[in-house]
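Position 336 (the sequence shown) corresponds to 357 in my numbering; numbering is contiguous.
By construction, the Cβ of each residue, glycine as well, lies at the ideal position given by its N, Cα and C atoms.
I have placed the structure first, in the form of structure tokens, so that the comments after it can refer back to it.
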Amino acid sequence: MWRSSLVLLVSAVQAQQYIVSTVAGGVPPATPVAALQASIEAPGPVTSDSAGNLYFADSVAAYIRKISAAGTISTITRTDLHLISSDDGIPAANAYVNNVSALTTDALGNLFLSVDDYQTSDNRVREILSSSGLITTVAGKLGPVGYSGDGGPAVNATLYNPAGIALDSSGNLFLSDKFDHRVRTVSADGIIATIAGNGTFGHSGDGGLALNAEMQPASLALGANGKVYFTDGNAVRVLTPTGCAYSASTRSLQVPMAGGSFPIDVSTGAGCLWTVGTLPDWISISGALSFSGAATVMVAVSASAIPRSAYLSVAGVNISVHQPSDVLLLSTGGVVNSASYGYSGFVAAGSIVSVFGNFLLTDPVSGAGFPIPTNLGGLSLQFSGAPFAPLFYANVGQVNAQVPWEFAQGTITASIDGQTSAPTNVNLAMYASGLYSINGQGTGQGAILDANYHLVDSTNPAIVGTTVVQIFCTGLGPVTNQPSTGAPAPSSPLAQTTTLPVATVGGVPATVQFSGLTPGFVGLYQVNVLVPAQVAGTPEVPVILSIGDVQANVVTIAVK
Numbered sequence: 022m023w024r025s026s027l028v029l030l031v032s033a034v035q036a037q038q039y040i041v042s043t044v045a046g047g048v049p050p051a052t053p054v055a056a057l058q059a060s061i062e063a064p065g066p067v068t069s070d071s072a073g074n075l076y077f078a079d080s081v082a083a084y085i086r087k088i089s090a091a092g093t094i095s096t097i098t099r100t101d102l103h104l105i106s107s108d109d110g111i112p113a114a115n116a117y118v119n120n121v122s123a124l125t126t127d128a129l130g131n132l133f134l135s136v137d138d139y140q141t142s143d144n145r146v147r148e149i150l151s152s153s154g155l156i157t158t159v160a161g162k163l164g165p166v167g168y169s170g171d172g173g174p175a176v177n178a179t180l181y182n183p184a185g186i187a188l189d190s191s192g193n194l195f196l197s198d199k200f201d202h203r204v205r206t207v208s209a210d211g212i213i214a215t216i217a218g219n220g221t222f223g224h225s226g227d228g229g230l231a232l233n234a235e236m237q238p239a240s241l242a243l244g245a246n247g248k249v250y251f252t253d254g255n256a257v258r259v260l261t262p263t264g265c266a267y268s269a270s271t272r273s274l275q276v277p278m279a280g281g282s283f284p285i286d287v288s289t290g291a292g293c294l295w296t297v298g299t300l301p302d303w304i305s306i307s308g309a310l311s312f313s314g315a316a317t318v319m320v321a322v323s324a325s326a327i328p329r330s331a332y333l334s335v336a337g338v339n340i341s342v343h344q345p346s347d348v349l350l351l352s353t354g355g356v357v358n359s360a361s362y363g364y365s366g367f368v369a370a371g372s373i374v375s376v377f378g379n380f381l382l383t384d385p386v387s388g389a390g391f392p393i394p395t396n397l398g399g400l401s402l403q404f405s406g407a408p409f410a411p412l413f414y415a416n417v418g419q420v421n422a423q424v425p426w427e428f429a430q431g432t433i434t435a436s437i438d439g440q441t442s443a444p445t446n447v448n449l450a451m452y453a454s455g456l457y458s459i460n461g462q463g464t465g466q467g468a469i470l471d472a473n474y475h476l477v478d479s480t481n482p483a484i485v486g487t488t489v490v491q492i493f494c495t496g497l498g499p500v501t502n503q504p505s506t507g508a509p510a511p512s513s514p515l516a517q518t519t520t521l522p523v524a525t526v527g528g529v530p531a532t533v534q535f536s537g538l539t540p541g542f543v544g545l546y547q548v549n550v551l552v553p554a555q556v557a558g559t560p561e562v563p564v565i566l567s568i569g570d571v572q573a574n575v576v577t578i579a580v581k
């Protein structure tokens, strides 16, 4: 069927006539003011944004350049400076990004680029923020090439020539990991997974499960109905969603140091195919790694003398495996936004966070009443220079807490039964926004209500130009009429954010009617926006929220 569609598309292109002209370069070098006066050595990958700006990689000079809608050219990154760096969080103008293989942009005008530089062992996908001009890493890490990281944060994964990238409307990134012979995705909350390829060079597997196919994917593009197109040698191949949905009986396994075997039940429709992702050497699966329909996977974890953690991808569901010791400890980088689970890498004062570690609790404990208690089951958390943190919930591996409003910078420690953990750093920012979702992972259907407090989903879609939705989130920063740490937000006067966020629904700017703390709740924010009349109605319309140059994770609502 796709071949018929392709023939129709080609016929349409052949029937159309075009006029050719030069938009940049082609004349001797000159001071780059107007694009037609610029000297360009070898233009490579090219993309554009919704504002009409054009971006391309000048592959010989190793620059990324921008041609504005007005026709002026500027250089975004360059490699001829004496002080260049591969670090994150620096101005892109000072960043070294040699050998750019692909470019794309998102709805906010942020520029994404994939880099394949064997000289510096740089195989990463990076993002240049349109608002601040800073560069950061989205996927991959510096160092030896290879294939690792599925089920965990994409910034900790290894890639081998990310040759093509594309973004969908929900903020999910698709990339062709060329010499790992796989197509991979990075979810809007920053988790990487493989969706096609078995790691073997070749051309086989058409008509079967994509994870079993041989390939060497390069350029990549997204089509309608979730299809993913990519070039593979002398062929163009397509990945077509199966329409199957999967759920797992658990999202987290707590394993004793002695190890053991643990079942994970996967629910799905009959005939739906799925696999278990690449495993670390201390975790194994009995039997095959490929399944059809509902099934139970037995996960065997070996004994260990030290604490360790890993992520598993089971039927596309990310499952964490923790093997803690009898020592109270906090995980490095384990303080994350409770809504987005570390999407931005930072947390904000006054917000709700999830803290990961080994907390020596035998049973889960929940807090009750106001102010929120600072001790659950004997456990307490202390942010340096601030009061004890209010605790909403605690179990052996995770604590949900409020970052005290008084916390400015520093570390966090945990205490229980006279034992105090070693401190771990907290990445604090003024804004660290995260949107809550129904699945508790910051993806998919958002925890977004209409004015009658009904969930805005396919059974109750928003009406364009009419419905005002309440977006529930955390980490939007300072507020007026700020409540005390652990105390509920006031209703009169309301505690409103000192900076107004920017919201889009389906890529269309939306009017923000209110932004602040939710009355009667601790650390919970809400942003009320009018669904624009120009939004195209679908069951999964992306909602994007940004504040102070920080974009939150992307969730969806239904619109008609």
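Quick one: residues in its chain with C-beta nearer than 6 Å to the C-beta of residue i, no 5 flanking neighbours on either side, listed in chain order?
i      : result
Gly558 : Val580 and Lys581
Ser405 : Gly431 and Thr432
Gly47  : Confidence at Gly47 is low in this model, with a pLDDT of 46, below 50, so the placement of that residue is unreliable and no value is reported for it.
Gly173 : Tyr332
Leu232 : Thr296
Thr480 : none
Ala316 : Val287
Thr158 : Asp109, Arg145, Arg147 and Val176
Leu260 : Ala217, Ala231 and Val249
Thr441 : Thr434
Rounded to the nearest angstrom, how far is the Cβ of residue i from that of residue j, given a contact under 8 Å?
i      : j      : result
Val533 : Pro522 : 6 Å
Asp201 : Leu180 : 7 Å
Thr577 : Gln466 : 6 Å
Val417 : Pro345 : 7 Å
Ile393 : Leu545 : Actually they are not in contact, since the Cβ atoms of Ile393 and Leu545 sit about 12 Å apart, beyond 8 Å.
Gly337 : Ala214 : 6 Å
Val526 : Val564 : 6 Å
Ala324 : Gly264 : About 41 Å separates the two Cβ atoms, so there is no contact after all.
Ala72  : Gly130 : 6 Å
Arg272 : Ile340 : 6 Å
Ala407 : Pro425 : 4 Å
Can you check DSSP and say which residues form a bridge with residue i?
i      : result
His343 : Gln275 and Ser330
Glu235 : Ser225
Val148 : The question names Val, but residue 148 in the sequence shown is Glu. Answer is Phe133 and Thr157, bridged to Glu148.
Ile94  : Ile88
Trp303 : In DSSP, Trp303 forms no bridge with anything.
Tyr362 : DSSP, once it has assigned bridges, lists no residue as partnering Tyr362.
Gln572 : Ser567
Val320 : Phe283 and Ile306
Gln547 : Phe493 and Gly537
Ile216 : None, per the DSSP bridge assignment.
Pro21  : This structure does not reach residue 21, given that the chain is present from 22 up to 581, and the question cannot be answered.
Gly185 : Ser197
Asp143 : Asp138
Pro530 : Thr525
Give every residue of the same chain whose Cβ lies closer than 7 Å to the Cβ of residue i, excluding the five residues on either side of it in the sequence, and list them in chain order.
i      : result
Ser12  : Residue 12 lies beyond the range of the chain shown here (22 to 581); nothing can be said about it.
Pro511 : Asn502, Pro504 and Pro540
Asp570 : Leu150, Ser152 and Ser153
Ser366 : A small fix is needed here, since residue 366 is Gly in this sequence, not Ser. Excluding residues within five positions, the ones whose Cβ falls inside 7 Å are Asn448.
Gly292 : Ser313 and Gly314
Thr98  : Tyr84, Ile85, Ala113, Ala114, Ala116 and Val118
Thr353 : Thr445
Ala516 : Val500, Thr501, Asn502, Gln503, Pro504, Ala510, Gly537 and Leu538
Which residue's Cα is closest to the Cα of residue i: the options?
i      : options                           : result
Gly399 : Ala415, Ala407 and Phe391         : Ala415
Arg203 : Ala90, Glu148 and Ala184          : Ala184
Ser387 : Ala531, Asn481, Gln419 and Gly498 : Gln419
Val368 : Tyr362, Phe377 and Asn358         : Asn358
Val562 : Val477, Ala279 and Ser352         : Val477
Thr488 : Pro499, Ile85 and Leu470          : Leu470
Ser330 : Ala316, Gly455, His343 and Leu294 : His343
Leu350 : Tyr362, Phe377 and Asn339         : Phe377
Ile568 : Pro277, Pro499 and Thr141         : Pro499
Lys199 : Met451, Ala72, Met236 and Gly281  : Met236
Gln423 : Ala429, Phe409 and Gln275         : Phe409
Ile111 : Leu155, Leu412 and Leu300         : Leu155
Give every residue of the same chain whose Cβ lies closer than 8 Å to the Cβ of residue i, excluding the five residues on either side of it in the sequence, and list them in chain order.
i      : result
Ala554 : Val485 and Gly486
Ser69  : Leu75, Tyr76 and Thr126
Pro530 : Val523, Ala524 and Pro553
Leu163 : Ser107, Thr141, Ser142, Asp143 and Arg145
Val548 : Gln491, Ile492, Cys494, Leu497, Pro522, Ala524, Val533, Phe535, Ser536 and Leu566
His103 : Note that His103 scores 43 on pLDDT, short of 50, meaning its location in the model is unreliable; the coordinates nonetheless yield the value given after this. Within the same chain, His103 has no close Cβ partners at all.
**Study point:** In chain order, each beta strand (DSSP E) run of at least 3 residues that lies wholly inside the segment 379-456
**Key:** 401-404, 412-415, 419-423 and 432-437
Check your understanding: What beta strand (DSSP E) runs, 3 residues minimum, are completely inside the segment 455-519?
Key -> 489-495
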